[in-house]
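If you count the sequence shown from 1, position 157 lands on 157 in this note's numbering, and the numbers rise without skipping.
Cβ atoms here follow ideal geometry from the backbone N, Cα and C, with glycine treated the same way.
In what follows, a structure is listed as structure tokens, so that the remarks can point back to it.
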Amino acid sequence: MIDGPFFVLVVAGVLGTGLVAGVFCGFSTFVMRGLAALPPAQGVAAMNAVNVAAVRPAFMTVFAGSAVLSALVSVVTFVVWPGEGKVLLLLGSALYLFGSFGLTIVANVPRNDRLAGLTPGSPEAAGYWPVYVREWTFWNHVRTVASAAASLTYISALA
Numbered sequence: 001m002i003d004g005p006f007f008v009l010v011v012a013g014v015l016g017t018g019l020v021a022g023v024f025c026g027f028s029t030f031v032m033r034g035l036a037a038l039p040p041a042q043g044v045a046a047m048n049a050v051n052v053a054a055v056r057p058a059f060m061t062v063f064a065g066s067a068v069l070s071a072l073v074s075v076v077t078f079v080v081w082p083g084e085g086k087v088l089l090l091l092g093s094a095l096y097l098f099g100s101f102g103l104t105i106v107a108n109v110p111r112n113d114r115l116a117g118l119t120p121g122s123p124e125a126a127g128y129w130p131v132y133v134r135e136w137t138f139w140n141h142v143r144t145v146a147s148a149a150a151s152l153t154y155i156s157a158l159a
């Protein structure tokens, strides 16, 4: 059974990965749909503003902090090697580290950077906007599922 400080660490991982899943779910289910309904120049400008606002302590503490917690859960799992839940703990950590945090770095951030380099009213921005919305939202769906699965996997390890 997982107990003591390790229990607290895993519960913090549940909370962090679950919060991130909720943020990503909100974007996938209504924020991106709302932005996509705007004229391209407005959608591009609004998404660029959202991307700037996201890189602030309130979100980054939860997002990056959950990656740190997931890495710590992995390390402690290898060191302590609990009798029960070890596979679930490692799976939960991998889901978040690769399926959420890592995917953000390799799929969503490059698209954000490309969008930020475009002038909102330009023909290039208008042409890229539908592609951006489709691709960014697809990868965001994957991040949502990975984050939620990490949270559920951690919970299962505690049961």
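Straight-line spacing of the CA atoms in GLY16 and PHE63 works out to 7 angstroms.
Three or more beta-carbon pairs separated by less than 8 angstroms are not found between the stretch 92-107 and the stretch 36-53, which leaves the two stretches without contact. Between the stretch 78-91 and the stretch 107-116, the count of Cβ pairs shorter than 8 angstroms is below three; the stretches do not touch. Per DSSP, ASP3 lies in no alpha helix (DSSP H) and is assigned neither H nor E. Counting of Cβ neighbours within 10 angstroms places ARG56 among the exposed residues, the total staying below 16. Comparing alpha carbon positions, the residue from LEU115, ILE105 and SER74 closest to ALA157 is SER74. For SER93, the CB contacts under 6 angstroms within the same chain, skipping 5 residues up- and downstream, are SER70, VAL73 and SER74 in chain order. Taking the Cα positions, ALA45 is about 20 angstroms away from THR29. Residues ALA125 of the same chain have their beta carbon placed closer than 7 angstroms to that of THR119, with the five preceding and five following residues left out of the count. With the rule of 3 Cβ pairs closer than 8 angstroms, the stretch 6-15 does not count as touching the stretch 132-149.
LEU89 and VAL50 have their C-alpha atoms roughly 33 angstroms apart. A residue is called buried when at least 16 other Cβ atoms come within 10 angstroms of its Cβ; ILE2 meets this threshold and is buried. Counting every other CB atom within 10 Å of its CB across the protein chains shown gives VAL133 a total of 16 or more, marking it as buried.
Under the three-state reduction of DSSP output, LEU95 falls in the helix class.
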